[in-house]
Amino acid sequence: MSDVIEPATRRARTWFFMGLAVLSVGWLGFTGCSRSEPSTVSPTVAADAPAEYATGRRLFEAHCARCHGVGGAGTDHGPSFLSKIYEPNHHGDGSFLMAARRGVAAHHWRFGDMPPIPNVSDDDVTRIVGYIRWVQRQAGIT
Ligand code: HEC
């Protein structure tokens, strides 16, 4: 009696395993992708930027780091900039200006949208980009 499987139970199981299969494929895709990306720059290094990037770092930490992380390493609210997709060829300096001015609709990740960032001038963003590019170079992203 107990080893008779009701059709409804069987259907539920099928769905369960299909779900599991989809999840594991997604997970493999995800880890496969992150493995190929250059990793991190230690916070000590990020904090130790040459003097010419000090203002950029301060501005970045004031306006961007709560989502993009100290040294641009990412948080639960926003992506790391130490990823191939943010190298200068893929996301030029203009994309930083646009991101701060207009915000960004979620498209690369699942963090949600980036809101426009108030009180940051184009000049500020240019300095921020200078700092981010420096940190990226430390991570071999050029
Ligand atoms: C409230 C969180 C938050 C803050 C604050 C924030 N960002 Fe973002 N940002 C995001 C998220 C989330 C994304 C990823 C959107 C996606 O592609 O899915 C993003 C993406 C970006 C991108 C990529 C744009 C593109 O074209 O794909 C740039 C550049 C960027 N942010 C720059 C900045 C700068 C510069 C600051 C500070 C002035 C900043 N962000 C502050 C959340 C934030």
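FYI, the numbering for the sequence shown is 48 to 189, going by the working numbering.
The beta carbon of each residue, even a glycine, is placed where N, CA and C say it ideally should be.
As the structure is a computational prediction, the values presented were derived from the model and not from experiment.
| Query | Result |
| --- | --- |
| GLY103 vs CYS114 beta-carbon contact at 8 angstroms | no |
| Any 3 or more C-beta pairs closer than 8 angstroms across the region 167–177 and the region 137–149 | yes |
| Proximity test, VAL182 beta-carbon vs the ligand HEC heavy atom, cut-off 7 angstroms | no |
| 6 angstroms Cβ shell around ILE132 - same chain, five flanking residues per side excluded | none |
| 8 angstroms contact criterion, which GLY119 and VAL182 should meet: CB distance rounded | 5 angstroms |
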